[in-house]
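Everything on this sheet refers to the single structure shown next.
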Amino acid sequence: SAVISQKPSRDICQRGTSLTIQCQVDSQVTMMFWYRQQPGQSLTLIATANQGSEATYESGFVIDKFPISRPNLTFSTLTVSNMSPEDSSIYLCSVEEMVGQTQYFGPGTRLLVL
Amino acid sequence: DAKTTQPPSMDCAEGRAANLPCNHSTISGNEYVYWYRQIHSQGPQYIIHGLKNNETNEMASLIITEDRKSSTLILPHATLRDTAVYYCIVRVANTGTASKLTFGTGTRLQVTL
Numbered sequence: 025s026a027v028i029s030q031k032p033s034r035d036i037c038q039r040g041t042s043l044t045i046q047c048q049v050d051s052q053v054t055m056m057f058w059y060r061q062q063p064g065q066s067l068t069l070i071a072t073a074n075q076g077s078e079a080t081y082e083s084g085f086v087i088d089k090f091p092i093s094r095p096n097l098t099f100s101t102l103t104v105s106n107m108s109p110e111d112s113s114i115y116l117c118s119v120e121e122m123v124g125q126t127q128y129f130g131p132g133t134r135l136l137v138l
Numbered sequence: 008d009a010k011t012t013q014p015p016s017m018d019c020a021e022g023r024a025a026n027l028p029c030n031h032s033t034i035s036g037n038e039y040v041y042w043y044r045q046i047h048s049q050g051p052q053y054i055i056h057g058l059k060n061n062e063t064n065e066m067a068s069l070i071i072t073e074d075r076k077s078s079t080l081i082l083p084h085a086t087l088r089d090t091a092v093y094y095c096i097v098r099v100a101n102t103g104t105a106s107k108l109t110f111g112t113g114t115r116l117q118v119t120l
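Those sequence lines, one after another, are chains A and B. Counting in our numbering, the first sequence runs from 25 upward without gaps. Counting in our numbering, the second sequence runs from 8 upward without gaps.
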């Protein structure tokens, strides 16, 4: 399976600021996704990162708050904009090498907003 | 995608088999059963998946009932490091079309000495 890394692994940020999280894969993958896991909760899909086009967002998530880039088949970024304490979560990147195959997850980025 | 039902928590003694049940009574014919686990806020780890036949790999075995309405994940010799939240998910796969992973609340497995 693909090896997935995320940067930063954790961060503490002030409200009103923005943080960009990077996801790097060691091989080309077709699909990349971003999830959020709020404290004590399960994972929720934020969006599908599409290479060369705008991301596809799930209900309740908007591009202005969570802009996503995917410049190539091995890299994606998620920005959490104008943060508030409610954005404190673990943000996870996942990939599928081919559409509809097994999805693998990165280690996550733990974000605390003060 | 079909919904799944799992017990919220289970205990297992170290060295014993851990049997984690999952109900998916509305599963469709082209939906696979996937299992992931999440160890203390790390990224979810893929364990195993299957369509209708029982599956085994180095981590676990997956037993799917003949009517496919339920399944059991078996960790044959649980260790303390298997303490985690285990998620059972059903999704369409291997069709070349995108299919989301929808995570429920899972089963929190506690392995004890």
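Quick reminder that beta carbons are idealized off the backbone N, C-alpha and C, glycines included.
For a contact defined as C-beta to C-beta under 8 Å, what are the partners of residue i on chain B?
i	result
Thr98/A	Simply none; closest approach about 17 Å.
Gln127/A	Tyr53, Leu108
Just checking: is the beta-carbon of residue i within a distance shorter than 8 Å of some beta-carbon in chain A?
i	result
Thr114/B	no
Thr79/B	no
Thr102/B	yes
Quick check on residue i - is its C-beta less than 8 Å from some C-beta in chain B?
i	result
Ile36/A	no
Pro95/A	no
Val119/A	no
Gly64/A	no
Val123/A	yes
In chain A, what lies closer than 8 Å to residue i by C-beta?
i	result
His56/B	Thr126
Gln49/B	Pro131, Gly132
Listing by chain order, which chain B residues have their CB less than 9 Å from the CB of residue i?
i	result
Met55/A	Ala105
Leu69/A	Lys107, Leu108, Thr109, Phe110
Does any C-beta atom of chain C lie closer than 8 Å to the C-beta of residue i?
i	result
Ala91/B	No chain C is part of this structure, whose protein chains are labelled A and B.
Taking C-beta pairs closer than 7 Å, name the residues in chain B that residue i reaches, listed in chain order.
i	result
Ile114/A	Ser48
Taking residue i as the reference, which of the options has the closest Cα?
i	options	result
Gly124/A	Val53/A, Glu78/A, Pro91/A, Thr80/A	Val53/A
Ser77/B	Leu27/B, Pro15/B, Glu65/B	Leu27/B
Tyr41/B	Thr119/B, Asn101/B, Gln117/B	Asn101/B
Glu120/B	Ala85/B, Gln13/B, Lys59/B	The residue asked about is misnamed: residue 120/B is Leu in this sequence, not Glu. That would be Ala85/B, whose Cα lies nearest to the Cα of Leu120/B.
Ile45/A	Phe99/A, Gln62/A, Tyr128/A	Phe99/A
Lys89/A	Pro95/A, Asn96/A, Tyr81/A	Tyr81/A
Val97/B	Lys59/B, Pro83/B, Leu87/B	Lys59/B
Could you tell me which chain A residues have their CB closer than 9 Å to the CB of residue i, listed as they occur along the chain?
i	result
Val99/B	Gly124
Compute the minimum distance between the beta carbon of residue i and the heavy atoms of the ligand NAP, and state whether it is under 7 Å.
i	result
Tyr53/B	The ligand NAP is not part of the structure shown, which contains no ligands of any sort.
Going residue by residue through the stretch 31-75 of chain A, where are the continuous beta strand (DSSP E) segments of at least 3 residues, counting only ones entirely within it? Complete beta strand (DSSP E) runs here, min 3: 34-37, 43-49, 55-61, 67-73.
Which runs of the beta strand (DSSP E) fall wholly inside the stretch 79-107 of chain B and span at least 3 residues, in chain order? 91-99, all fully within the stretch 79-107 of chain B.
What runs of the beta strand (DSSP E), each 3 residues or longer, lie entirely inside the stretch 78-103 of chain A? For the stretch 78-103 of chain A, whole beta strand (DSSP E) runs of length 3 or above, ordered along the chain, are 92-96.
Using 8 Å as the threshold, is the stretch 83-99 of chain B in touch with the stretch 39-50 of chain B, meaning 3 or more CB pairs across them? Result yes; three or more Cβ-Cβ pairs closer than 8 Å.
Only counting runs of 3 or more residues, tell me where the beta strand (DSSP E) segments fall wholly within the stretch 10-88 of chain B, in order along the chain. Correct list: 16-20, 25-30, 38-45, 52-57, 68-71, 77-82.
Counting pairs of Cβ atoms below 8 Å between the stretch 37-55 of chain A and the stretch 103-119 of chain A, do you hit three or more? Three or more Cβ pairs drawn from the stretch 37-55 of chain A and the stretch 103-119 of chain A lie within less than 8 Å of each other, which places the two stretches in contact.
If we count Cβ pairs, one from each stretch, closer than 8 Å, do we get three or more for the stretch 13-21 of chain B versus the stretch 62-70 of chain B? Flag = no, the stretch 13-21 of chain B and the stretch 62-70 of chain B do not touch.
If you pair each beta-carbon of the stretch 68-88 of chain A with each one of the stretch 126-134 of chain A, do three or more pairs fall below 8 Å? Output reads no: the stretch 126-134 of chain A does not touch the stretch 68-88 of chain A.
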